[in-house]
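**Student:**
Protein chains in written order, with UniProt numbering: chain B, 1 to 491; chain W, 1 to 313.
1. Report the CB separation of residue 168/W from residue 269/W in whole angstroms; it is logged as a contact under 8 Å.
2. Quick one: give me the first and last residue of the beta strand (DSSP E) that residue 290/B is part of.
3. Determine the burial state of residue 136/B: buried for a count of at least 16 other Cβ atoms within 10 Å of its Cβ, exposed for fewer.
4. What separation, rounded to the nearest whole angstrom, lies between the Cα atoms of residue 53/B and residue 225/W?
5. Less than 8 Å between the beta carbons of residue 174/B and residue 201/B, yes or no?
6. From residue 128/B to residue 278/B, what does the alpha carbon distance come to, in whole angstroms?
7. Could you tell me if residue 1/B is buried or exposed, where buried requires 16 or more neighbouring beta carbons within 10 angstroms of its beta carbon?
8. Any C-beta of chain B within less than 8 Å: which residues of the segment 256-290 of chain W qualify?
9. With a cut-off of 8 Å, does the C-beta of residue 197/B fall near any C-beta of chain W?
10. So which residues of chain W does residue 504/B contact, with C-beta pairs closer than 7 Å?
11. Within this structure, are the beta carbons of residue 102/B and residue 141/B separated by less than 8 Å?
12. Below 8 Å, how does it come out for the segment 152-162 of chain B and the segment 346-354 of chain B: are there three or more Cβ pairs, yes or no?
13. Would you mind reading off the limits of the beta strand (DSSP E) that contains residue 274/B?
14. Could you give the distance in angstroms between the alpha-carbon of residue 273/B and the alpha-carbon of residue 138/B?
15. Indicate the three-state DSSP secondary structure (helix, strand or coil) for residue 84/W in the structure shown.
16. Assign residue 193/B to one of three DSSP states: helix, strand, or coil.
17. Do residue 152/B and residue 457/B have their C-beta atoms within less than 8 Å of each other?
18. Rounded to whole angstroms, what's the CA-CA distance from residue 228/W to residue 78/W? Just pull it up for me.
19. Helix, strand or coil: how does DSSP classify residue 260/B here?
20. What I want to know is whether the C-beta of residue 79/B ends up closer than 7 Å to one or more non-hydrogen atoms of the ligand ADP.
21. Looking at chain B, is there any beta carbon in it that lies within less than 8 Å of the beta carbon of residue 114/W?
22. Let's see if you can read the secondary structure: which residues bound the alpha helix (DSSP H) around residue 15/W?
23. Taking residue 162/B as the reference, give the member of 469/B, 443/B, 78/B and 431/B with the closest Cα.
24. Would you say residue 159/W faces chain B, with C-beta separation under 8 Å as the test?
25. State yes or no: is the beta carbon of residue 44/B nearer than 8 Å to at least one beta carbon in chain W?
26. With 8 Å as the limit, tell me which residues of the segment 155-175 of chain B have their beta carbon closer than that to any beta carbon of chain W; keep them in chain order.
27. Going by C-alpha to C-alpha distance, which of 310/W, 201/W, 288/W and 131/W sits closest to residue 260/W?
28. Can you pull the chain W neighbours of residue 240/B, defined as C-beta to C-beta under 8 Å?
29. So for residue 130/W, helix, strand or coil by DSSP?
30. Output, in chain order, the set of chain B residues within a Cβ distance shorter than 8 Å of residue 156/W.
31. Report the partner residues of residue 153/B according to the DSSP bridge assignment.
32. Is there a Cβ from chain B that is less than 8 Å from the Cβ of residue 313/W?
33. Go ahead and pull the three-state DSSP assignment for residue 47/B.
34. Put residue 45/W into one of helix, strand or coil per three-state DSSP.
35. By the three-class DSSP mapping on this structure, what secondary structure does residue 168/B have?
36. Rounded to whole angstroms, what's the CA-CA distance from residue 52/W to residue 179/W? Just pull it up for me.
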């Protein structure tokens, strides 16, 4: 399995001298820019990130405090054709996810038709009973989706994970681009890169579009757990770039099933809450009574239809890893067509045959907790120690329904600046898909995460991964650069 | 604007101002201690600097032998056990700024973050040269913050930060004058007696008013004139009357924007009109210490009223 050389996004399967078609300019740029110069620019970018406070906190590592996510200066490219193919697949998948969540909390046709076993949903910790029967304004559940894509060959894209709760990382996509524009302008002069800086506007438009009916000028807020949260930088960045209030639970109150924020001028009615806290903390009256992060009465206001919660409570069911394994069936069921983006082959350990296969091939598989995230609670068979494998074997036998297993894929690589010069490193890719009342939009870009350790497949930022800018190149004939108007100076 | 955000911004103003004041206090005391003759005199100088920020010995207590330049500089600048050390103030200002980041311009945020990063996890001020270098950095960072603030959008966020600074300044100047006056007054001497020229120069330097003093009074530093300057000259931004006028104006500005005026406005106007009707002779007749003590209490009342008026959490 590891024998085959991984597909490289820039050089393909080749020797490292001839770039893939469409990637020649990037190849030339990389070959003509000295490593020392790349390193200097990268250090400049990281100093700027530190000074701007673009940081995240690492859980369970109090000594570390705030860290910047390592930034790699060598971008990753997609051709227009690759991007178009991906977008179609992403839109299809997100439409299916929405239809699925609506169905699960509504009529449950998919369960009645036995496409997905009932216990996978109703017995799932992500199934949110208080959301049952509540129809969010405009019927949208997964307003913001981050779908993790991996690649193993020129035409082989797979969905690794659907992040349908509170996907993060979009601020890094935007900040990485800002850094690249400043540090590598010559590259952008040569390439017709599609812009991504409209993302905050598109996000705001989406939030407005899903406001409860009757809101004249909807008031939107971003709800954060506070500035000790690992993604706080992103929360404040997004609120700031949309020009909406960044609120904590204690800034909101519910009266008569309506949500208000406490301002210096008195209570202001809130129509849309882009929440970045998990379901379990939304409303202490319904969920965790000991949590002060949420807003008492929020779920009642939501159920009354007086406030839109983005993403809707309960969407976690759509990114549960046990449900993920049914996504090909789910897409077929709601969209009436095959999934354009396939899943990674997945063994559901709840199923005895899959469990047996998993136990027999632990050294070759990646085993994940169905409700784990951020790279926690997983086993990477090929690099695991004997002890780790033995521990996982015991855990699997004890509670097989909590695990899935997947083959270790030969993830594609991208040239990356390392201590030993430019070298290939494995990547994945997370584009962000917005579902509003009228349309689905995808900004042409996403977050490329890169495993900085040689040979490592773990790209999570909480596990020491880094990020890269992801450039989508417009097709040559469509490269419509803004017309320049030169205005003479008056004397 | 969220009440919590307004509170964060107001406290950013207070903490940044307090950090700057303490920086200036260190700078002036360094100068004073290098001019003073003998270790006891130098130690007394540092004791008085501690007293200004409320960490000196209680009145009547003898000076502790530990009040060396190094120790006091560390306490004032870097010690996190001192909740009002520069490092503690910058750390809280930065915490507040992180939390209210979307109400700040990126320049203001960066200025605060830069100030915080420059102190970092430093725990020792080093020798006098290093301490002076630290002072220079801190002062430059204060300028950077104020410069960034000046370019900010004129909305509530801006006014709340300025309000915090103005309230803090009124408090700092009153403290400085009170402690110095009390400590510098030789035993048995009446208020207004002849005091050391350098001591008064140091006070003026702490509020950056050495040249202002010469401009107004054409005289060597005299205690009652220094007190007059720090209390009643509205041209001096750090004077009590200057900051009290600013508090009135800033509250009016916020009131005009939000349509919300109240107890804070009333108290601020009351204080200001009373100051306008008083002069330095009356203050000396009734007692400078009492006057300053009342002034600090009044400032604290205005602070409380501001919290209530804008419903700070």
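For glycine and all other residues, C-beta sits at the position ideal for the given N, C-alpha and C.
**Tutor:** For this structure:
1. Within the second chain, the letter at position 168 stands for residue 168/W. Within the second chain, the letter at position 269 stands for residue 269/W. So it is not a contact: roughly 19 Å between Cβ atoms.
2. Locating residue 290/B in the first chain gives position 290, where the first residue counts as 1. First-last for residue 290/B: undefined, no H or E at that position.
3. Counted from its first residue, the first chain places residue 136/B at position 136. Buried, because 16 or more other Cβ atoms sit within 10 Å of the Cβ of residue 136/B.
4. Indexing the first chain from 1 puts residue 53/B at position 53. Indexing the second chain from 1 puts residue 225/W at position 225. About 46 Å.
5. Along the first chain, read from residue 1 onward, the residue named residue 174/B stands at position 174. Along the first chain, read from residue 1 onward, the residue named residue 201/B stands at position 201. Not closer than 8 Å, so no.
6. On the first chain, residue 128/B is found 128 positions in, with the first residue counted as 1. On the first chain, residue 278/B is found 278 positions in, with the first residue counted as 1. Answer to the nearest angstrom: the Cα atoms are 11 Å apart.
7. Here residue 1/B refers to the residue found at position 1 of the first chain. Because residue 1/B sits at a pLDDT of 37, beneath the cut-off of 50, its placement in the model cannot be relied upon, and the following sentence gives the value as read from the coordinates. Exposed, because fewer than 16 other Cβ atoms sit within 10 Å of the Cβ of residue 1/B.
8. If the cut-off is 8 Å between Cβ atoms, the segment 256-290 of chain W has 258, 259 and 260 near chain B.
9. If you number the first chain from 1, residue 197/B lands on position 197. Cβ-Cβ to chain W under 8 Å: no for residue 197/B.
10. Here chain B comprises residues numbered 1 to 491, so residue 504/B is not present and cannot be evaluated.
11. On the first chain, position 102 is the one that residue 102/B refers to. On the first chain, position 141 is the one that residue 141/B refers to. Their beta carbons are under 8 Å apart, which means residue 102/B touches residue 141/B by this criterion.
12. no
13. Stepping through the first chain from its first residue, residue 274/B is reached at position 274. Counting along the chain, the beta strand (DSSP E) containing residue 274/B begins and ends at 272-275.
14. The residue labelled residue 273/B in the question sits at position 273 within the first chain. The residue labelled residue 138/B in the question sits at position 138 within the first chain. Each residue's alpha carbon lies about 15 Å from the other.
15. Here residue 84/W corresponds to residue number 84 of the second chain, with the count starting at 1. Of the three classes helix, strand and coil, the one that applies to residue 84/W here is coil, per DSSP.
16. Within the first chain, the letter at position 193 stands for residue 193/B. Strand, per DSSP.
17. In the first chain, counting from the first residue as 1, residue 152/B sits at position 152. In the first chain, counting from the first residue as 1, residue 457/B sits at position 457. Their beta carbons are not under 8 Å apart, which means residue 152/B does not touch residue 457/B by this criterion.
18. Position 228 of the second chain, counted from the start, is the residue given in the question as residue 228/W. Position 78 of the second chain, counted from the start, is the residue given in the question as residue 78/W. If you take the alpha carbons of residue 228/W and residue 78/W, they lie about 33 Å apart.
19. One-based indexing of the first chain puts residue 260/B at position 260. Strand.
20. The ligand ADP is absent from the structure shown, which contains no ligand whatsoever.
21. Numbered from its first residue, the second chain carries residue 114/W at position 114. Residue 114/W counts as touching chain B.
22. Walking along the second chain from the start, residue 15/W turns up at place 15. Its alpha helix (DSSP H) spans residues 3-35.
23. Counting from 1 along the first chain, the entry for residue 162/B is found at position 162. Considering only alpha carbons, the answer is 431/B.
24. Sequence index remark: in the second chain, residue 159/W carries index 159 (1-based). No, residue 159/W lies away from the interface with chain B (no Cβ there is under 8 Å from its Cβ).
25. The count along the first chain starts at 1 and reaches residue 44/B at position 44. No, its Cβ sits nowhere closer than 8 Å to a Cβ of chain W.
26. Residues of the segment 155-175 of chain B that bring their beta carbon within less than 8 Å of a beta carbon in chain W are absent altogether.
27. For this step, residue 260/W is matched to residue 260 along the second chain. Here the closest residue by C-alpha is 310/W.
28. Here residue 240/B refers to the residue found at position 240 when the first chain is read from its first residue. Ordered by position in chain W, the residues that pass the 8 Å Cβ test against residue 240/B are 101 and 102.
29. Working through the second chain from its first residue, we reach residue 130/W at position 130. Residue 130/W: helix per DSSP, three-state reduction.
30. Residue 156/W sits at position 156 when you count from the first residue of the second chain. Going along chain B in sequence order, the residues near residue 156/W (Cβ under 8 Å) are 264.
31. As a first step, residue 153/B is located in the first chain; it is residue number 153 there, counting from the start. In DSSP, residue 153/B forms a bridge with 156/B.
32. The residue you call residue 313/W lines up with position 313 of the second chain. Closer than 8 Å: yes.
33. As a first step, residue 47/B is located in the first chain; it is residue number 47 there, counting from the start. If DSSP states are grouped into helix, strand and coil, residue 47/B belongs with the helices.
34. To locate residue 45/W, count along the second chain from 1; it is residue 45. Of the three classes helix, strand and coil, the one that applies to residue 45/W here is helix, per DSSP.
35. In the first chain, residue 168/B corresponds to position 168, counting from 1. If DSSP states are grouped into helix, strand and coil, residue 168/B belongs with coil.
36. Position 52 of the second chain holds residue 52/W. Position 179 of the second chain holds residue 179/W. Whole-angstrom Cα-Cα distance: 6 Å.
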